[in-house]
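Numbering (our numbering), first residue to last: -18 to 302.
We put the CB at the ideal spot given by N, CA and C, even for glycine.
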């Protein structure tokens, strides 16, 4: 299935807080490589932020960089191209979507051609207040990609599974105290997205969907249980349990292979991204694939930056584990 967006961008309102963002989590379990990237652009402010991290577990090497607000460039928003600061999604004339992420300082480069397993889709609780405060529009999909990763002098051919999203609309800066987004895919037969979100002053939110053979099934309950190391940040394992309307459940057990760290100065937040091999079961069937966990535990609202991160690095640039 090719990507089905009529346009990669949406028309902004006149709200100063209106933004458009995209994120991608990916992993090639056979090659032991993976990563995460995200960017957001505030069209009316002319500002953008980016986050980009990759790893090669076979060599114990990774790269990560967070860029604070910088100016949007004139070509950063177009119907067939959206991006900023070295990160860009593009769609060609045949509808194929690709992503390119480059860090000029280190030469780290990711090039992927994406093919979704199912149409970009919203969460079941899309109108909840907590989601609306972050973006009034939000869609997600999982799929298969092909491409290459250049990291620390090595050029690696990859064929990863991925999960991606796109959001647009006003985004407030209300303090986010706790957040867990568990995503993943085992191929065309099974993918998932499960969110638990706590924002100061708003009701807590749990929402999820499971894509089974391309059909989206809304969740009736969501739990993500995490085991962390003594730094209280490094995720050593996690399980996600998604209840389904027929009384069954999706059970995901994730074994991490890569750890990335993201400190955003604006809005203040400290986050970890963990990429894992996953074993998932639903309806009596068991599948193998990948999982990603974007996690925020933020009682100090990003103002106290950890001095260490056992799984990876708490600083930008090339790192070794």
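Ignore the nearest five residues each way along the sequence and tell me which others in residue 293's own chain have a CB closer than 7 Å to its CB. 43, 240, 241, 242, 300 and 302
Between which two residues does the beta strand (DSSP E) containing residue 125 stretch? 118 to 132
Check residue 112 in the structure and name its three-state DSSP category. Three-state DSSP puts residue 112 in a helix.
Per-residue DSSP class, three states only, for residue -10: coil
Expressed to the nearest angstrom, what Euclidean distance is found between the alpha-carbon atoms of residue 222 and residue 30? 32 Å
Would you call the stretch 98 to 105 and the stretch 113 to 126 touching, i.e. three or more CB-CB distances under 8 Å? yes
Just tell me which of 53, 187, 236 and 211 has its CA closest to the CA of residue 220. For the set 53, 187, 236 and 211, the Cα lying nearest the Cα of residue 220 is the one of 236.
Rounded to a whole number of angstroms, what is the C-alpha to C-alpha distance between residue 254 and residue 36? 11 Å
So, are the CB atoms of residue 192 and residue 200 less than 8 Å apart? no
Please classify residue 211 as buried or exposed, where buried requires at least 16 neighbouring CB atoms within 10 angstroms. exposed
Give a yes or no on contact between the stretch 15 to 33 and the stretch -3 to 7, applying the rule of three or more CB pairs nearer than 8 Å. Yes, the stretch 15 to 33 touches the stretch -3 to 7.
Own chain partners of residue 151 with C-beta closer than 6 Å, once the 5 adjacent residues on each side are dropped: Excluding positions up to five away in sequence, the list reads -4, -2 and -1.
Would you identify the three-state DSSP class for residue 75, choosing helix, strand or coil? The answer is coil: DSSP assigns residue 75 none of H, G, I, E or B.
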